[in-house]
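Below is one structure, written out as structure tokens; comments come after it.
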Amino acid sequence: MPKATSSASIPGRPALRRNQACRSCRKRKLVCLSHVKSVSPNAKQSANRNAMPPVLTAGTCVKSVVLSFTVPFSSFCRQWQSLISVPAPPGYAHPAEPQCVYDPVDGLALAPDTDPIEKIRMLEEEVSKLKIQLQEQSSIVSPLHHNQACCRPASASSTSASSGQTSATGNKPLLHSIKDASALAQVRQDSSSPDQHVTDRSSAEAVLELMYSGWNPDLPEPYILNHYIEVFFKCDPCGPRILHRPSFLSAMRLHPRDPGFPHSAILHAICASASRWSSRNVAVLPDGSRRDEFAEYHANKTRQYIDKTMATGEDIFHVVQACILLSWYFYQEGRWVEIWIFAGFQTRVAVPLRLNYPGTFSIHGNGSPGGYLPPPRDFRDLETRRRTWWMSVVFDRIVSIGGWIHAIDEQDIGTELPLRGEDFDSEQLIPNNPQDMCSEDIFTTHLPRYTDSFLLLIKAVMMFGRVTDFNVRGNLRAPTAPSKHQDPFALPGFSALDSLVHHDFLENLPHIYRFNIGVTDVSGNAQCVDTDLYMVHMIPHAATITLHNPYMDLNDLQRVSTNRCIKAAQAILSAYFMLSATSLDVTRLHPFVTICWYLAAVVQVQVCRHFIETGDYAREAQVWGEINVLREAMLNYGTRSPIGIRQEKLLQALMKEIVRLTTQRKPLEVGLPLYPFSHTTLFASPVVPPEDAPMAPLPNLSTSSQSYNSALEMCSGSVAFSTVLYCNASSVSDEVHTGIGQSGVAWNCSE
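Residue numbers (the working numbering): 3 to 753.
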């Protein structure tokens, strides 16, 4: 039986060359009928005598083509026949012809809508138009205000260009910049639905341009981020100590993909911290605390980098720095659980990095498992490591003052103290600081070349850490809790520690720091406050209260612990009054100041209860005024940092008993004391009250301990005590205004 003649061999029929059939036929290896010029859906109606009968149709499509290959293909397939045999649903129309796809062939003109060259040309024209529109917009639209950040709702997530991580807070793509607060609120309301999407053409173009340049889309726009960085270095009292500001600002001008560009984790942590002084999108919760969604977003992004580093170990040193910055943010928020967890995490991570070794590097023990940092590259790298380590240690000491064990023991710290801030910023090559925690006279000897307010703050915090160690270790195996009937000076080491915190540390400060609490007159009426130096004068008094409070007995005014606590509380009050006499913002102080105010208020609560029990209503009213002053200070600080609100609520819980026992009608609204040297609206009246008017005492710090004890004895039987101390307060006021401090020595007015 003769073989069937193939369609390709029939004379007069153009045969398809290889790869000229449609992709569907080639994929299924079927015959593509290219010899028929026009094919009807019904093969029986074909007028072409050379057309194959339907039984020979083995392919899925029948192509018609002009012999010259100049006419675009038209096709028809069995699937298409099956499709059009069923009526289309309402509102839907079947395609007029099969949509076959062909590869480009030399000499064959394809349909305009399938020509890749033409498609590329059209896309290029569209991109050019978008670029022109972007340039016109950037030349017309002025930069947004610094508080209009490129922030995203909590339910949105985006993929970081550098980390490859996706936020766990939602499933929406990157949202764009928000132009105003109302639009931001609308976005936050709409972000709960996955079907709703924020569209802003100009913002979308800006974000796409940033992504094209390599910018991390999770960060704010560059000019907004630069503003937050500036605010961070200017206002934040904690974090900037670990960063070299000149080199950091220079690195921000590098390309985002440059290895020297700051790590995204640090930038996110900076945004979270700086938003406290710049962000306007803040919600006030019912308890009076604040919640900043912008800060929360960047805090969560920083935590994502920390989680990634915990799993992979990538960029561990930069992430440790970001962790320290984020820890201080949590501390100012008063989030105690996260504070405690992060304090232990960062110190435990820093130990394998050998940051606790002299020079932040050790050649010993390199065979042990774990990853270690290479030797410091230069002076800046060495000092940055030192400061990073010491800030983690300082944070650990501060969060442990409630009676918790430190994450690392003082004996395990071999790192020398850092250099002065001015030497660090100028990168002046000087020998390493000769002092470390093994130096016997570290708290009483301060070398001028290695002393500034930040170094004194480190020493003051480490001294407070010794008080915490003494209390924790003394109570660890003690059969009973400390009692006010117990003589603490009989305990081993108590006398030396008391002498250090009560007298030796402050008395041995350099002259320029001893008589200056940090409030300085820069030029004319302009004033500034050195937050580190202010805390240097506050921390010893807070440490004294922590050390002596368990042994305080107000029934025995001659008891040393009682005198120590009362004097320390009055010193903290006096420092606050001196600061409130200026126009300076107390919210710019170190957040640890709220703990000092709380400790002073704890002493005053005990004094108030003593006066209630003895029926001394005049002095009770005086102490209520002092307590309310401290409460007001915490609340004022809480307007910017929630830790103030939280500490005031803890104080109120402690005050429940005296509020119940007092005879005052509204004890929490007792008028605050008026002082003639105050300049704020609250203390605007300079009128001296009469002698019999109740007045909270303000002791003169220049009085000797003997005169203080004799004045204290007057508390048991004379109302004139307030008059005596008020006169002393007036003399202090005169000294403040004339610039003369203790022993007639001029107060330092330089930074």
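C-beta: ideal position from N, C-alpha, C; glycine also.
Taken through DSSP and simplified to helix, strand or coil, residue 284 comes out as strand. Within its own chain, the residues whose Cβ lies closer than 7 Å to the Cβ of residue 502, once the five positions on either side in sequence are excluded, are 445 and 465, listed in chain order.
The beta carbon of residue 402 sits closer than 6 Å to the beta carbons of 408 and 470 from its chain, once the five residues preceding and following it are set aside; these are given in chain order. Going by C-alpha positions, residue 597 is about 9 Å away from residue 646. In the DSSP assignment, residue 389 falls within the unbroken alpha helix (DSSP H) covering 381 to 401.
Under the criterion of beta carbons closer than 8 Å, residue 672 and residue 630 qualify as touching, at roughly 6 Å. For residue 529, the three-state secondary structure derived from DSSP is strand. In this structure, 417 is the residue among 222, 417 and 404 with its C-alpha nearest to the C-alpha of residue 394. Secondary structure at residue 339: helix, using DSSP grouped into helix, strand and coil.
By the 16-neighbour rule on beta-carbons within 10 angstroms, residue 654 is exposed.
Between residue 360 and residue 388 the beta-carbon gap is near 10 Å, outside 8 Å, which marks them as no contact.
In the three-state DSSP reduction, residue 309 falls in the helix class (H, G or I). By the neighbour-count criterion, in which a residue is buried when 16 or more other Cβ atoms sit within 10 angstroms of its Cβ, residue 515 is buried. In the three-state reduction of the DSSP assignment, residue 503 falls in the helix class. Under the three-state reduction of DSSP output, residue 561 falls in the coil class, being neither helix nor strand. Checking the DSSP bridge columns, you'll see residue 522 partnered with 530. Listed in chain order, the non-local C-beta contacts of residue 450 below 8 Å within the same chain comprise 512, local neighbours out to five positions each way being set aside. Non-local C-beta neighbours of residue 611 in its own chain, meaning closer than 6 Å and more than five positions away in sequence, comprise 660, ordered along the chain.
When only Cα atoms are considered, residue 541 and residue 341 end up about 20 Å apart.
DSSP, reduced to helix, strand and coil, places residue 427 within a helical segment of the structure shown.
Rounded to the nearest whole angstrom, the CA to CA distance from residue 479 to residue 413 is 21 Å.
Taken through DSSP and simplified to helix, strand or coil, residue 293 comes out as strand. The C-alpha of residue 649 lies about 14 Å from the C-alpha of residue 607.
The Cβ neighbour count for residue 25, taken over all protein chains shown within 10 Å, is under 16; the residue is labelled exposed. Taking all protein chains shown into account, residue 391 has 16 or more neighbouring C-beta atoms within 10 Å of its C-beta and is therefore buried. One Cα belongs to residue 316, the other to residue 581, and the distance between them is close to 45 Å.
Per DSSP, reduced to three states, the secondary structure at residue 598 is helical.
Shown here, residue 604 sits in a helix according to DSSP, grouped into three states. A direct Cα-Cα distance of roughly 48 Å separates residue 307 from residue 626. In this structure, DSSP gives residue 451 a helical state, which the three-state scheme calls helix.
Shown here for residue 335: same chain residues with a beta carbon closer than 6 Å to its own, the five before and five after excluded, namely 644 in chain order. Apart from the 5 residues on each side of it in sequence, residue 235 sits with its Cβ closer than 6 Å to the Cβ of 242 and 247 in its chain, given in chain order. For residue 353, the three-state secondary structure derived from DSSP is coil. Of the residues assessed, residue 489 falls on the exposed side of the cut-off, its CB having fewer than 16 other CB atoms within 10 angstroms. Remark: C-beta atoms of residue 590 and residue 278 do not approach each other more closely than 8 Å. The beta carbon of residue 452 sits closer than 8 Å to the beta carbons of 419, 421, 422, 435, 436 and 437 from its chain, once the five residues preceding and following it are set aside; these are given in chain order.
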